[in-house]
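Enquirer: In my numbering, the protein residues as written are 4 to 158.
(1) Please confirm whether residue 5 and residue 24 have their CB atoms less than 9 Å apart.
(2) Quick one, which of 47, 71, 56 and 91 has its alpha-carbon nearest residue 80's?
(3) Can you give me the Cβ contacts of residue 31 inside the same chain, cut-off strictly under 6 Å, excluding the 5 residues immediately before and after it?
(4) Please determine, among 16, 91 and 83, the residue with the shortest C-alpha to C-alpha distance to residue 66.
(5) For residue 147, which beta-bridge partners are listed by DSSP?
(6) Within the same chain, show all residues whose beta-carbon is closer than 6 Å to that of residue 16, passing over the 5 residues directly before and after it, in chain order.
(7) What residues in its chain sit with their C-beta under 7 Å from that of residue 158, if we drop five residues either side in the sequence?
(8) Return yes when the Cβ of residue 152 is within less than 9 Å of the Cβ of residue 18, no when it is not.
(9) Contact defined as beta carbons within less than 8 Å: I believe residue 35 pairs with residue 69. What is the distance between those atoms, to the nearest angstrom?
(10) Between residue 10 and residue 54, what straight-line distance do the alpha-carbon atoms span, to the nearest angstrom?
(11) Among 33, 139, 98 and 82, which one has its Cα closest to the Cα of residue 14?
(12) Do the CB positions of residue 21 and residue 130 come within less than 9 Å of each other?
(13) Expressed to the nearest angstrom, what Euclidean distance is found between the alpha-carbon atoms of residue 28 and residue 51?
(14) State buried or exposed for residue 86, treating a residue as buried only when at least 16 other CB atoms are found within 10 Å of its CB.
(15) Can you tell me whether residue 94 is helix, strand or coil according to DSSP?
Have a look at this one:
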């Protein structure tokens, strides 16, 4: 059951998303034209692609390439909750956001690509603080405008 679901859009596309769900909860997650970074703040999620399965717990994330996924949200407590935030990466949105050029740290990548469609990202204080700050904006949506969304997406 969905307890809360809020989104912020940029250029007509959902860029940031926050969800609080009563567990267990299973949902298809088609992303044919976008990649996504999902950060779990409470509970856990197991994401399934055609070939892989990755589980992330609180303060961990999953980076997902374009594709079709199935997400199973869980909590160790009976009738617990699952809370997560996602950043969606659409090529056309990123082209507009970075039209003046990519930051140097993105230009210096070695070009190595992963064949994996799901990559688990371990607990990281920076991710935690970023998403903790985003919760404030979801609680105060009147403060959010396109300029802020661009800034947070770049961040």
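We put the CB at the ideal spot given by N, CA and C, even for glycine.
Expert: By the coordinates alone:
(1) yes
(2) 47
(3) 73
(4) 91
(5) DSSP output for residue 147 lists no bridge partner at all.
(6) 93 and 96
(7) 133
(8) yes
(9) 6 Å
(10) 29 Å
(11) 98
(12) no
(13) 14 Å
(14) buried
(15) helix
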